[in-house]
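So the protein lines, in turn, are chains Y and H. Once you know that position 140 of the first sequence is 140 in our numbering, the rest is easy, because the numbers rise by one and skip nothing. Once you know that position 170 of the second sequence is 404 in our numbering, the rest is easy, because the numbers rise by one and skip nothing. Every residue, glycine too, gets a C-beta built ideally from N, C-alpha and C.
Number of protein chains: 2
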Amino acid sequence: MPLPSHGQHAHNYRNSFRTYHIHHIYRMPRDRSTTRARILAAAEQLLATDGFSALGVNAIAARAGVDKVLIYRYFGGLPQLLAELARDGKVWPPLSEVAPEAPSADDARTHSLGALALLLLRAELAALRERPLAQQALAWELADRNALTDALAAARAARHDEMLDTVRAGRRVPPYVDVPTLMAILGAGLTYLALMSRTSGTYLGLDLSSDESWHRVDKTLAAVVRAVLETREM
Amino acid sequence: MPLPSHGQHAHNYRNSFRTYHIHHIYRMPRDRSTTRARILAAAEQLLATDGFSALGVNAIAARAGVDKVLIYRYFGGLPQLLAELARDGKVWPPLSEVAPEAPSADDARTHSLGALALLLLRAELAALRERPLAQQALAWELADRNALTDALAAARAARHDEMLDTVRAGRRVPPYVDVPTLMAILGAGLTYLALMSRTSGTYLGLDLSSDESWHRVDKTLAAVVRAVLETREM
DNA sequence: TTGACAGGTCACTGAAAAGTGACAAGTTCG
DNA sequence: CGAACTTGTCACTTTTCAGTGACCTGTCAA
C-alpha cells in the first residue's frame, strides 16, 4: 500500500498534530549536552542489558527517546559514540578505583612481582564480575573486529598497559618464574570464566553461578601464585 | 529501477527463461543426501571464515548454490542445521583423535590427576588453535544465548564431560590441591588466549601471534601444574 | 503411460536495519 | 522585531534478512 504521494497532506497533518498536542505532552528542554548524555546513557544501558547484537542506532535512539539522526549529528556515528563511551571510563573504571590498595608504579618497588600480580588479578576479576558493560565489551571483541570493537579494544589495551606498568615496577623478581606469562594465563582464565558465567552456568564442571565455586577459584588462584613463586627451577 | 509491476508478465518471463536456458546450465543431480551435505559444508565454511555474524540462511544457501527453502525443508531451520554440524564432530573432533596418547577412563588409574590434566589441556589448546570452527563456536557462545548457540554449547559440554571423566578416573590424587578448579582456570585461560589471537594480536603484553609466546605459555603451564602438585599445603 | 511424489526454483511479503534530505520549532543576538 | 543559528522531527530510500506459497521438473511405480 503505497502512501498517496506526500507533501502538503502530510505537512498539514503534522502541523495540526503538533499545535494540538503541545499543551499535553512533556517536551524535553532543548539542550545539546543533556541530549548527548541521554544518548550515551541509552547506549550504555542497552549494551549492558541486551548485548552488542541489539546495539544499533535505531535501538539507541528509541531508548533515549530521541531521533536517531541526532546520533549522527552529535557523534558522527555509532563507532564514535562507542569510542566516547569507552574514553569516559564507562566501560573500564579507573584502575585506582578498582584496586585502591595497589601501589602506584613508584611505590611498587618494595613489592614482589607475584604479590602485585595476584592483587591486580583479584581486583580485576571482582570488577569484571559486577560490570556487565565490560563483559559485553570483551565478548564483542572476541566475536568481531570492526570499527566498533576497535574502539573498545583500545580502551582495554590502555587498561592492560596500566596494569603492566604497575607490575613491572615491582622489584623482587622471582628467579625462575615467567611472571608476565603466568599473569596472562591466569588473567585470561579469570576473564573467560567471568564471561562464561553470563551465558552458560557451568564450565568444565565448575558451577559458575555458585559463590562457593568462585571462592574455590580465588583460593586456587592464590595457591598457584604462591606455589609457582616458591619454585626453584623452571 | 523498480521492476515494471509484476504478475502475468513476470510469470511469462520466468517460464521462457527457464525453457531457454535449460539446455545450457549444468544441473546438479537430484539427490537429497548430497544436497544436505552441500548445505552442511557451506555452513561450516561460512562459519569458519566469516564468523557467526555472517551466518544466515541466505548466505548459506548462496554458498551452497542451493535454494534457501531447502534448508527449512531438510533441516527444519538454522538451529537444527547447527545442531547436526555439532553432532557430526565437525566442530569438536573426537577427543581420542585430539589426544591419542591420553589413556581411556579405564586405563587412567595409574596416572596422577595432574599429569592427566596437563596432557589434556595441551592437546585441547593445540586442537583449538588450528580449528577456526571451534573458535567461532566458543566466541559465539560468549556473545549470545539463543537456539543456535545452545546447539553448539551442548556439543562443547559433552566434550568437557568426556575430559572430566578421563581426569576423574586418575588414581593418585594430590592431597592439598583442588585439581578440577585448577584445570578450569587453566583451561579457560588457554581458551581465552586462543580466541584473542584471532582478533587481537596481543593480550596483557603477550604477543599472541608469535610462536615464542606460545612456547612460553606451554612452559609456564607445565611449571604451574608441577609446582602446584608439589605443594604440601593449600 | 500416467499419476504421485520427491527434489528444486522462484517471487514475494514483512520486518528491521542504516543513513539522508527537508523542514519545523525554539533560541540568540543584531 | 527578525535574521541566523541550533535543536529536534519526520518521511523516505535502500538493503538485507527470515520465512512462505506457488510452481516446475525429474523419477519411479502401478
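*So is Gly-189(Y) buried or exposed if we call it buried at 16+ other beta carbons inside 10 Å?*
Counted from its first residue, the first sequence places residue 189(Y) at position 189. It counts as buried.
*Taking Cβ-Cβ distances shorter than 8 angstroms, what residues in chain Y pair up with Pro-414(H)?*
Counting from one through the second sequence, the residue named residue 414(H) turns up at place 180. The answer, in chain order, is Leu-204, Gly-205 and Leu-206.
*Nearest chain Y C-beta to Leu-281(H) closer than 8 angstroms, yes or no?*
The residue given as residue 281(H) occupies position 47 in the second sequence. No, Leu-281(H) lies away from the interface with chain Y (no Cβ there is under 8 angstroms from its Cβ).
*Can you find a CB in chain H that lies within less than 8 angstroms of the CB of Gly-51(Y)?*
Here residue 51(Y) refers to the residue found at position 51 when the first sequence is read from its first residue. Yes, contact with chain H.
*Can you give the Cα-Cα distance for Ile-185(Y) and Asp-67(Y), rounded to whole angstroms?*
Taking the first sequence and counting its residues from 1, the one referred to as residue 185(Y) is at position 185. Taking the first sequence and counting its residues from 1, the one referred to as residue 67(Y) is at position 67. Cα-Cα distance, rounded: 45 angstroms.
*List the DSSP bridge partners of Tyr-203(Y).*
Residue numbering aside, residue 203(Y) sits at position 203 when the first sequence is read from its first letter. According to DSSP, which records beta bridges pairwise, Tyr-203(Y) is partnered with Leu-206(Y).
_Unbroken alpha helix (DSSP H) run spanning Arg-38(Y), endpoints_ = Mapped onto the first sequence, residue 38(Y) falls at position 38. Note, Arg-38(Y): alpha helix (DSSP H), 32-50.
*How many angstroms separate the CA atom of Lys-324(H) from the CA atom of Ala-275(H)?*
Here residue 324(H) refers to the residue found at position 90 of the second sequence. Here residue 275(H) refers to the residue found at position 41 of the second sequence. Computed Cα separation, rounded: 9 angstroms.
*asked:* I need the straight-line Cα distance from Pro-29(Y) to Leu-70(Y), nearest angstrom please.
replied: Taking the first residue of the first sequence as position 1, residue 29(Y) is located at position 29. Taking the first residue of the first sequence as position 1, residue 70(Y) is located at position 70. Cα-Cα distance, rounded: 15 angstroms.
_Beta-carbon neighbours of Leu-164(Y), restricted to chain H and to distances below 8 angstroms_ = Numbered from 1 along the first sequence, position 164 holds the residue referred to as residue 164(Y). What Leu-164(Y) touches in chain H: Leu-438 and Gly-439.
*Tell me whether Asn-146(Y) sits in a helix, a strand or coil according to DSSP, three-state version.*
Numbered from 1 along the first sequence, position 146 holds the residue referred to as residue 146(Y). Coil at Asn-146(Y), not helix or strand.
*asked:* Any beta carbon of chain H sitting closer than 8 angstroms to that of Ser-104(Y)?
replied: As a working mapping, residue 104(Y) is identified with position 104 in the first sequence. Ser-104(Y) does not count as touching chain H.
_CB-CB length for Thr-415(H) against Thr-220(Y), believed under 8 angstroms_ = Translated into the one-based positions of the second sequence, residue 415(H) becomes position 181. Translated into the one-based positions of the first sequence, residue 220(Y) becomes position 220. Going by Cβ atoms, the distance from Thr-415(H) to Thr-220(Y) rounds to 4 angstroms, so yes, they are a contact pair.
*Residue burial classification, Gly-310(H) (beta-carbon count within 10 angstroms, cutoff 16)*: For the purposes of this step, residue 310(H) is taken as the residue at position 76 of the second sequence. Its Cβ having fewer than 16 others within 10 Å, Gly-310(H) is exposed.
_Coarse secondary structure for Arg-365(H), derived from DSSP in three states_ = Taking the second sequence and counting its residues from 1, one reaches residue 365(H) at position 131. Coil at Arg-365(H), not helix or strand.
*When the distance is taken between beta carbons, is Ser-200(Y) closer than 8 angstroms to Ala-360(H)?*
Indexing the second sequence from 1 puts residue 360(H) at position 126. Indexing the first sequence from 1 puts residue 200(Y) at position 200. For Ala-360(H) and Ser-200(Y), no; Cβs fall outside 8 angstroms.
*Buried or exposed by the 16-neighbour rule on C-beta atoms within 10 Å, applied to Gly-65(Y)*: Residue 65(Y) sits at position 65 when you count from the first residue of the first sequence. Exposed, because fewer than 16 other Cβ atoms sit within 10 Å of the Cβ of Gly-65(Y).
_Three-state class that DSSP yields for Thr-220(Y) in the structure shown_ = For the purposes of this step, residue 220(Y) is identified with residue 220 of the first sequence, where counting begins at 1. It is helical.
*Under the criterion of a Cβ to heavy atom distance below 7 angstroms, does Ala-147(Y) qualify as lining the ligand ATP?*
The ligand content of the structure shown is nil, which means the ligand ATP is not present either.
*If you draw a straight line from the C-alpha of Asp-207(Y) to the C-alpha of Ala-223(Y), how long is it?*
Translated into the one-based positions of the first sequence, residue 207(Y) becomes position 207. Translated into the one-based positions of the first sequence, residue 223(Y) becomes position 223. One C-alpha to the other measures close to 20 angstroms.
*asked:* Under DSSP, the alpha helix (DSSP H) around Ser-330(H) begins and ends at which residues?
replied: Within the second sequence, the letter at position 96 stands for residue 330(H). Ser-330(H) -> alpha helix (DSSP H) spans 329-332.
_Neighbour list for Glu-375(H) in chain Y, Cβ cutoff strictly below 9 angstroms_ = Position 141 of the second sequence, counting from 1, holds the residue named residue 375(H). In chain order: Met-196, Thr-199 and Ser-200.
_Spatial neighbours of Thr-383(H) within its chain, please: C-beta separation below 6 angstroms, excluding the five flanking residues on both sides._
Within the second sequence, residue 383(H) is the residue found at index 149, counting from 1. The residues are Trp-374 and Glu-375.
*Under 9 angstroms from the C-beta of Leu-362(H): neighbouring residues of chain Y*: Along the second sequence, read from residue 1 onward, the residue named residue 362(H) stands at position 128. Those within 9 angstroms of Leu-362(H) in chain Y number zero; the least Cβ separation is about 12 angstroms.
_Own chain, CB closer than 7 angstroms to Leu-195(Y), minus 5 neighbours either side, in chain order_ = Taking the first residue of the first sequence as 1, we reach residue 195(Y) at position 195. Once the five neighbours on either side are set aside, the close Cβ partners of Leu-195(Y) are Gln-135, Leu-138 and Ala-139.
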